[in-house]
Structure formats: structure tokens, C-alpha cells
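Okay, structure first, notes after.
Number of protein chains: 2
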Amino acid sequence: MDSKDKDFYQAKADVLKALAHPTRLWMTEKLADGECCVRDFVELTDFDFSTVSKHLSVLKRAGIVDDEKRGKQVFYRLKVPCILNFMQCVEAVLRDRLDHQITMLK
Amino acid sequence: MDSKDKDFYQAKADVLKALAHPTRLWMTEKLADGECCVRDFVELTDFDFSTVSKHLSVLKRAGIVDDEKRGKQVFYRLKVPCILNFMQCVEAVLRDRLDHQITMLK
DNA sequence: ATAACATTTGGTTATTATGCCAAATGTACA
DNA sequence: TGTACATTTGGCATAATAACCAAATGTTAT
């Protein structure tokens with residue numbers, strides 16, 4: 010693994026890291042249904058505005074979401090819908106793991 | 010988001026978290042080309058055996074890889090090839106981000 | 001049995017992430 | 001202009017992660 014490869018894997022890992030948090034993952038999937046502003050997420054959870062805002066900024070920095078200021082609000086949008094296909098794969102991992110656990114108990 | 014949803018997003022985030030490290034990501038992609046033992050990864054990097062072993066155990070716990078002991082060695086295998094399709098999406102995010110940066114400079 | 005090899009586990013330290021509060025910024029409207 | 005609203009930023013305490021070294025475990029062959 011040379012230094013160029015290292016940078017590449019670091020960059021890809023950073024995108025994954027942005028998704029690798031339950032709240033951010035939930036937000037990402039929620040945004041697939043249409044744009045939301047910070048307040049929307051605050052109302053659907055028990056997190057502080059600052060917490061929600063920081064999570065969204067992590068997703069934005071990673072390039073997963075986009076934002077647009079309209080009036081007083083900032084609307085966030087899912088920028089890369091292929092993320093959702095990916096989630097199917099993650100769920101496949103979970104199912105597979107479950108099958109394995111069941112097999113172990115038999 | 011009720012408590013069942015919360016658990017589900019936590020479980021999915023845990024799978025992503027396992028992948029969200031440059032070394033583990035590299036290992037995962039390497040395993041797509043065929044099984045490797047701990048020593049193989051140690052030789053290709055400058056990490057300690059213990060470091061490599063711990064990374065592999067994170068991937069195993071997440072259900073991404075499988076292991077099999079044969080003789081003195083433990084061989085690791087990619088269990089869920091769909092992870093690789095997912096990587097194409099992550100790379101798309103990177104390309105998209107780059108395009109955006111280029112546009113900003115114009 | 002013991003020596004050599006392959007891997008894992010335990011322990012330590014440094015770095016990073018999370019979530020809250022408080023304060024700052026930006027925007028619309030009276 | 002000032003007040004309310006929406007979001008972001010800074011700071012802090014706590015928790016989680018990563019890498020190394022050393023020691024333990026398990027396996028094969030002498």
C-alpha cells in the first residue's frame with residue numbers, strides 16, 4: 010500500500026465514517042424522502058439543535074448531503090442516492106449474521 | 010424514531026463503523042481477491058501482528074469477514090461481496106465532491 | 001516435552017468523537 | 001432598529017478508538 014493508496018483509502022473511510030453513526034444514518038435515509046431542515050430533525054429526536062446541526066455538517070463535509078438556505082431555514086438534501094442501495098447490502102450483512110447466530114444455537 | 014428503530018440504525022451503523030477505517034477498508038477490498046492470513050496483511054503493511062489481528066476481529070464481529078483455522082494459520086475471507094458495489098458508490102461521492110471543488114475554483 | 005511459529009489478548013497512551021450548554025451569527029418582520 | 005426565530009460555533013466532560021509492546025494461547029514438528 011503506497012502513500013497514494015493510503016490517501017485514497019483514507020478518503021473512502023472518511024465517507025463511511027460520516028455514515029457510521031446511528032443518528033446520521035437515520036438522517037441520511039430520512040433525506041431520501043425529501044429535504045429537511047434542522048428543526049425537522051430536532052423535532053423527531055430528543056437532540057439539541059447544536060447536536061443535529063453538527064451531525065448534518067459532518068454529512069455535508071463528507072459530500073453526502075447538500076444544503077440550501079431559504080429564508081431563516083437551511084434545507085438539507087441527499088446528494089448521493091446510491092447510498093441507499095448500499096444500505097441494502099448492510100442489511101444483508103445483518104441478516105447473514107443473524108442466520109449464523111441461529112445456526113449456532115441449533 | 011422509536012427504540013426498535015434506534016437499535017436497527019445502531020446495528021447498521023456498527024457494520025459501517027467496521028468498514029470506516031482505511032486499513033480495514035483496504036483489507037476488505039484485498040479479501041475480495043481471495044483469502045489472506047494475518048501474516049499476509051502484516052507483510053503488506055508496517056503494522057504489528059496485534060494491530061492487524063484486532064482489525065480483522067472487528068471485521069469479523071461485524072459479519073463482514075469469516076475466518077477458518079487451517080494448521081497454524083487463520084485464513085480470512087470476505088463474506089459479503091456486495092460491500093464492493095457499495096464502494097463504487099463511495100467513490101462516486103468522492104468524484105462528486107471533487108467536481109464541486111473544481112467548480113468552486115472557477 | 002519443548003521449540004518455533006501464528007495469532008490473540010491485555011494493558012497503556014494518545015487521539016478523536018459525541019452531546020450538551022452557552023454564546024454568536026444570520027434572517028425576517030414588526 | 002430591535003426582537004424573535006433558525007442555525008452554527010466554541011468549549012467542555014465523557015467515552016470510544018487505534019497503535020504499540022508484552023504476554024498468553026494454540027498448533028506443528030522435532
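Chains as they are written, first to last, in our numbering: chain H, 10 to 115; chain E, 10 to 115.
For each residue, glycine too, the CB sits at the ideal point set by N, CA and C.
Computed from a predicted model, the values in this text were never measured in an experiment.
Opening and closing residue of the beta strand (DSSP E) in which residue i lies
i	result
E/Asp75	Val74 to Arg79
C-beta atoms of residue i and residue j nearer than 7 Å
i	j	result
E/Leu93	E/Ala41	yes
E/Asp75	E/Lys63	no
E/Leu25	H/Leu28	yes
H/Val6	H/Phe58	What the structure shows of chain H is the stretch from 10 to 115, and residue 6 of chain H is not part of that stretch, so it cannot be assessed.
H/Lys30	E/Ala22	The question names Lys, but residue 30 of chain H is His in the sequence shown. Contact flag set, yes.
H/Cys91	E/Cys98	yes
E/Phe95	E/Glu44	no
E/Leu34	H/Tyr18	yes
E/Asp105	H/Gly80	no
Under the three-state DSSP convention, the category residue i falls into
i	result
H/Phe56	coil
H/Val83	strand
E/His30	coil
H/Lys115	coil
E/Val61	helix
H/Met96	helix
E/Met36	helix
H/Asp11	coil
E/Ala41	coil
H/Val89	coil
Per DSSP, the bridge partner or partners of residue i
i	result
H/Cys46	H/Phe84
Exercise for the section: Could you name the residues of the stretch 70–92 of chain E whose beta carbon sits closer than 8 Å to any beta carbon of chain H, in the order they occur along the chain? Expected result: Ala71, Gly72, Ile73, Lys88, Val89, Cys91 and Ile92
Handout entry: Interface positions of the stretch 31–63 of chain E facing chain H (Cβ-Cβ less than 7 Å), listed along the chain
Key = Pro31, Leu34, Trp35, Leu53 and Thr54
Problem - Residues from the stretch 99–112 of chain E in contact with chain H, defined by Cβ distance under 8 Å - result: Val99, Glu100, Ala101, Val102, Leu103, Asp105, Arg106 and His109
Practice task
Quick one: which residues of the stretch 11–30 of chain E get their C-beta closer than 7 Å to a C-beta of chain H? List them in chain order.
Solution key: Lys15, Tyr18, Gln19, Ala20, Lys21, Ala22, Val24, Leu25, Lys26, Leu28, Ala29 and His30
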